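Trainee: After the structure tokens below, expect a handful of questions from me.
There are 2 protein chains.
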Amino acid sequence: MPVMLRPSQALRLWQQVCLYEVRAGMPDLTERQLAILLTIYLDPPPHTVRGLAEKLKVTKPVITRALDTMSALKLVSRRRDERDRRNVLIRRTVEGALFVERFGDVIVEKARELSP
Amino acid sequence: MPVMLRPSQALRLWQQVCLYEVRAGMPDLTERQLAILLTIYLDPPPHTVRGLAEKLKVTKPVITRALDTMSALKLVSRRRDERDRRNVLIRRTVEGALFVERFGDVIVEKARELSP
DNA sequence: CGCAATCGTTTCGGTCCCGTATCATTAGGC
DNA sequence: GCCTAATGATACGGGACCGAAACGATTGCG
């Protein structure tokens, strides 16, 4: 069952969610960072720098820098793959899970408030 | 008629939209910039730096800088208010309108593709 | 063993953004 | 005319990010 949404509703939803996040003083993530974060939390592991770079069609340094920032925010963590020590496995954190869960609730709430 | 959405659907929608934008090489806007852009295009004018700063609960330089960047991207334009020359009126552009319209269509499309 | 391939990170010069404080310009009360 | 208030922009030091290139570490093939 697809979610039916008119363009005006879609834009209003996006605005209300962004406004809420900004006003709440949440980290000012870029679209790239958000794409990475949500992919880590929604798609099945394992996640690697290379895999994310391919999925987003960006270069590896873009992923590395985004992970640097989000690691400082405790939203994700990195760990060497002991089976192939060239790899770095990107893992979820408790704080990141809470952030994503809360973010989903905000979207749901703002969608519920939409006028027809 | 509110839009019903489960948290998992909401997060998946956000991910798919962000992924699409990143992959398409669209400007990597931050949440703040997106909140400003959508407010300019969805809320009734006039829009001023001070008004946006209050609406977003951020400082004026934050708005000025975001407008600098989005002006360079041709997404918005600035013009002195001739009736009160202290004010700067932030206005829409053709490119910005196309960007917002396209963005709305992307959200609608990704919502339609959502699994139940 | 040696060597090429792969992985993630780092470097480089340059741009953008941050928060705080200050600025120039304009308006309006007196 | 003067002085205060208001507006948006700017200066500052610091941090994050960009793309392109080079880097060290690790693997696995010949």
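From first to last, the protein sequence lines are chains R and U.
The numbers in full-length UniProt numbering rise by one with no breaks, and the one at position 38 of the first sequence is 38.
The numbers in full-length UniProt numbering rise by one with no breaks, and the one at position 66 of the second sequence is 66.
For every residue, glycine included, the Cβ atom is placed at its ideal position computed from N, Cα and C.
The model shown is predicted, which means the values in this text are computed figures rather than measured ones.
Between the segment 52 to 59 of chain U and the segment 11 to 19 of chain U, can you find at least three pairs of beta-carbon atoms closer than 8 Å?
Mentor: Touching, no.
Trainee: What does U:Val58 reach in chain R if we use C-beta pairs closer than 8 Å?
Mentor: Here the neighbours are Val22.
Trainee: Suppose contacts are defined by Cβ-Cβ distances below 8 Å. Is U:Thr30 in contact with R:Thr30 by that definition?
Mentor: Yes, the pair counts as a contact, with Cβ atoms nearer than the cut-off.
Trainee: Counting pairs of Cβ atoms below 8 Å between the segment 34 to 51 of chain R and the segment 66 to 80 of chain U, do you hit three or more?
Mentor: Counting Cβ pairs under 8 Å, fewer than three are found: no touch.
Trainee: Can you tell me the Cα-Cα spacing of R:Phe103 and R:Gln9, whole angstroms?
Mentor: Rounded to whole angstroms, R:Phe103 to R:Gln9 spans 19 Å at the Cα level.
Trainee: Please tell me whether R:Val22 and U:Arg32 are closer than 8 Å, where the distance is taken between their beta carbons.
Mentor: Taking 8 Å as the Cβ cut-off, R:Val22 and U:Arg32 qualify as a contacting pair.
Trainee: Per DSSP, what kind of secondary structure is R:Glu102 in: helix, strand or coil?
Mentor: Correcting the residue identity first, residue 102 of chain R is Arg in this sequence and not Glu. Helix.
Trainee: Taking only the alpha-carbon atoms, compute the straight-line gap between U:Arg91 and U:Ile63 and give it to the nearest angstrom.
Mentor: Approximately 14 Å between the Cα atoms of the pair.
Trainee: What would DSSP say about U:Val58, mapped onto helix, strand or coil?
Mentor: DSSP places U:Val58 in coil when its eight states are reduced to three.
Trainee: Could you work out which residues of chain R lie near U:Ala97, taking near to mean beta carbons separated by less than 8 Å?
Mentor: None at all; the shortest Cβ gap to chain R is about 12 Å.
Trainee: Ends of the beta strand (DSSP E) at R:Leu89?
Mentor: Looking at the DSSP string, the run of the beta strand (DSSP E) that includes R:Leu89 is 88 to 92.
Trainee: Give me the Cα-Cα distance between U:Val94 and U:Arg79, rounded to the nearest whole angstrom.
Mentor: The alpha-carbon atoms of U:Val94 and U:Arg79 are separated by roughly 15 Å.
Trainee: List the residues of chain U that R:Thr48 touches, going by C-beta distances under 7 Å, in chain order.
Mentor: Within chain U, no residue comes near R:Thr48; the closest Cβ sits about 17 Å away, beyond 7 Å.
Trainee: With DSSP as the reference, label U:Arg85 as helix, strand or coil.
Mentor: Coil at U:Arg85, not helix or strand.
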